[in-house]
Every structure is written in structure tokens, then in C-alpha cells.
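According to the UniProt record's numbering, the residues represented by the sequence shown are 1 to 335, in order.
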Amino acid sequence: MQEALFYSKITNGQVQCELCPWNCILSDSQTGICKVRTNHGGVLITNVYNKVAALGSDPIEKKPLYHFHPGKNILSVGEVGCNLQCSFCQNHRISQCKASEFSGFHNISAEKIVKEALKTWNNIGIAYTYNEPFTFYEFLLNTAQLAYSEGLKNVVVSNGYINKEPLKKLLPFIDAFNIDLKAFSNNFYKKYTKGKLQPVLNTLKQIAESQAHLEITTLVIPGLNDDIVEFKNMINWISSELGESVPLHLSRYYPQYKLNAPATPIETLVELYDVAKTQLQHVYLGNVSDQERSTTYCKNCNAPLISRNHYNTDITTLDADGKCKKCGTYASVII
Ligand code: SF4
Numbered sequence: 001m002q003e004a005l006f007y008s009k010i011t012n013g014q015v016q017c018e019l020c021p022w023n024c025i026l027s028d029s030q031t032g033i034c035k036v037r038t039n040h041g042g043v044l045i046t047n048v049y050n051k052v053a054a055l056g057s058d059p060i061e062k063k064p065l066y067h068f069h070p071g072k073n074i075l076s077v078g079e080v081g082c083n084l085q086c087s088f089c090q091n092h093r094i095s096q097c098k099a100s101e102f103s104g105f106h107n108i109s110a111e112k113i114v115k116e117a118l119k120t121w122n123n124i125g126i127a128y129t130y131n132e133p134f135t136f137y138e139f140l141l142n143t144a145q146l147a148y149s150e151g152l153k154n155v156v157v158s159n160g161y162i163n164k165e166p167l168k169k170l171l172p173f174i175d176a177f178n179i180d181l182k183a184f185s186n187n188f189y190k191k192y193t194k195g196k197l198q199p200v201l202n203t204l205k206q207i208a209e210s211q212a213h214l215e216i217t218t219l220v221i222p223g224l225n226d227d228i229v230e231f232k233n234m235i236n237w238i239s240s241e242l243g244e245s246v247p248l249h250l251s252r253y254y255p256q257y258k259l260n261a262p263a264t265p266i267e268t269l270v271e272l273y274d275v276a277k278t279q280l281q282h283v284y285l286g287n288v289s290d291q292e293r294s295t296t297y298c299k300n301c302n303a304p305l306i307s308r309n310h311y312n313t314d315i316t317t318l319d320a321d322g323k324c325k326k327c328g329t330y331a332s333v334i335i
């Protein structure tokens, strides 16, 4: 049984978890909204320490990260649980499952995962992904610290729903993040994720102010988060608060879980891509076959630097130092 980090004991045996913006107050035997942290006799425990639900090697492009070691693989690990409840969740079988009801766990220690990462072909490190990694915070932190000491890279793919202090403790060990910005409307967050927008914006700013590499993903859902005015506001915010070089992935939605609206029309994605490109240097379409809008272009001379066909990556016009071979401009790509 592993005691959780970031909580305080309050009156009558209750505890308050301080890991994420819910700040759940839990009586004895009660489990938090994330379904994986329980008050056990006045001690907050994590139910998922060392409990791996999924482990496999993926192309880094699948996270998606397009500006972080393109063409490399990353050992990817996930558990169960999530602190949001998105009605369109693409991984709901593990994200919305209680730890106590999941039968597919493998007991794997941080040491074993690091060993596996060190011997995996073409592998740069470990990605914490599939479900919400912040809900297995203690296992994530310990594994990331060990991986860091072995010279491996750590990548977190997350909804960004975490409090400031836990993120601060984690940041020195994480090299890259892909954070979902699901919409630029608190009403959307409230109605379709049960969360709030502002904590996610806070997380994005905290990461952007750190040394870690940041990319953002927005799943575009027709009629729910594709309003042009709202989208322009989001692009303005990213550009002014995080910087115009932060890559943005616009992903095509397909019906999933509780949402059965039809898939996003390609025209909608192209329209939003064009809007985003007016202010951001690097915008990509995901979940579609569109080589032109999956290519990384030089921000100075527009030469195609890295072309992609699904997860096949071709580094065409980028030198080993990360400079455009045509004009010598540094691309914001970590090689
Ligand atoms: S991590 Fe889980 S238990 Fe802790 S505040 Fe968030 S939802 Fe509640």
C-alpha cells in the first residue's frame, strides 16, 4: 500500500487530496473523483502504484509530439483513472474505470520499466500516457526520477488538470509535455468534461515558463468547440501567453463513448488550421491523412523540414543541429 503525496489530514478522519483542482475531501474508505486515490483510515493512498494497464513502444509522433526527437520511439506506460469525465473520451475503458474493478493490471516496478526502456530499440525514454498520468502521480514521479538518472527522456501526455505545487515538483524530471486544450470555453469544460478551463490554462503557462518542451492538442468536435470566434480567442491566447512557436495539433474527432455526433468534417479542420496558422508557426492536423498539413515547415523560408505520412517521419531539410539546410534558420525542433 503506497501513501499518496500532496494531501492533508483534516477533522474526523477526513483527508483532503491536493493533487488536482478538485481538492477532494474524503471520509474513511472514500475514493476521489479520479477513482484511484482512497482515504484508508485517515491516510490517503494511491491504488495504482506499480499497477500497469498498458505498456508498449510507440513512435513519438503518436503522442503526438512532432518537435521532440522526430523519428524516435518511446516506451509508453498507462494505468487506469482520470480526473476528468469527457463524454468523448477515446480511452474510456481505462480512464473511466475504478482501480478496484480493473482486472488487467500487471505489477511492474519503476526499475523494470526503466530497464525495459534502456533495452528497447530506437527508444529515447518513457511516455506516461493512455490514461491521465497525473492520477498515478507517485508512480510517475518515481519512474521519471529513475529514468532521468539513467539519461532517458520523460514525456507526459495529459489533460493538464493538476495543482501548481505537484506540477512544480515534477517539472525538473519531465522533458516534454503534450497537453490537451479541449476548448476555450468554461461552459464546454463544465458540460463535456465536468472540469474547468482555468486550471488547464494555468498548467499550460507553468509548463511554458519552465525548461520543458510543450505541444498542445485540441480534438475538434463539430458543433461543440469549433466556433470560429472562440477558436480565434484560443489562438490569440496561445500566441500571446505561451508563444507563437508552440506546436498545435488539431485532431479529428470520431464518435466515441457517450458522444455520437458525426466525425469532424475535413473542411472544418482545414478552416481552423488556416485560422491557427495566421498566428502560430506550427499547426498540424491529426487523425486524418493530410501530408501537407502534417509537415513541419521552416518559419523563415517555408522549406519542408520534416514530412510525415502517418507515423513515418522523413527528416528532409533539417541538419543535425536542428537548422534549416536551405536558409540556416533554427527550427524549434529538438533532435
Ligand atoms: S487526484 Fe483524485 S482524489 Fe485527488 S483531488 Fe484530484 S480527483 Fe480528487
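Yeah, the Cβ is synthetic: ideal placement off N, Cα and C, and Gly gets one too.
- Distances from the alpha-carbon of Thr203 to those of Asn163, Asp28, Ala183, Thr218 put Asn163 closest.
- Apart from the 5 residues on each side of it in sequence, Ala144 sits with its Cβ closer than 6 Å to the Cβ of Asn154, Phe173 in its chain, given in chain order.
- Using a cutoff of 7 Å, the CB of Thr135 counts as near the ligand SF4, since one of the ligand's heavy atoms is closer than that.
- A check of alpha carbon separations from Leu118 across Asn23, Glu79, Leu75, Asp319 identifies Leu75 as the nearest.
- Within the same chain, and ignoring the five residues on either side of Glu150 in sequence, the residues whose Cβ sits closer than 7 Å to its Cβ are Val114, Leu118.
- With a contact defined as Cβ atoms closer than 8 Å, Leu305 and Tyr311 miss out at about 17 Å.
- No Cβ-Cβ contact shorter than 8 Å links Ser87 with Tyr189.
- Distance from Ser57 to Asn123 at the Cβ level is roughly 6 Å; contact confirmed, criterion being Cβ atoms closer than 8 Å.
- Under the three-state reduction of DSSP output, His92 falls in the helix class.
- Between Gln281 and Ser307, the beta carbon gap of about 17 Å keeps them out of contact (Cβ cut-off 8 Å).
- Met1 and Leu259 have their alpha carbons spaced roughly 37 Å apart.
- The C-alpha of Glu165 lies about 20 Å from the C-alpha of Tyr148.
- In this structure, Asn131 has its CB at a distance of at least 7 Å from all heavy atoms of the ligand SF4.
- Boundaries of the alpha helix (DSSP H) harbouring Val114: 110-119, taken from the DSSP string.
- If you check the CB distance, Tyr130 and Asn178 do not come in under 8 Å.
- Secondary structure at Ile335: coil, using DSSP grouped into helix, strand and coil.
- For Gln85, same chain residues with a beta-carbon under 6 Å away, outside a window of 5 residues either side, are Lys194 in chain order.
- With a contact defined as Cβ atoms closer than 8 Å, Thr264 and Tyr253 qualify at about 5 Å.
- In the three-state reduction of the DSSP assignment, Pro64 falls in the coil class.
- DSSP places Val155 in no alpha helix (DSSP H) but in the uninterrupted beta strand (DSSP E) bounded by 153-158.
- Residue burial annotation: Glu241 is exposed, with fewer than 16 other C-beta atoms found within 10 angstroms of its C-beta.
- Here DSSP, grouped into helix, strand and coil, assigns Leu272 to helix.
- With 16 or more neighbouring CB atoms inside 10 Å of its own CB, Ser95 falls in the buried class.
- Here Ile10 has Gln16, Ile25 as same chain residues with Cβ atoms under 8 Å from its own Cβ, once five neighbours each way along the sequence are excluded.
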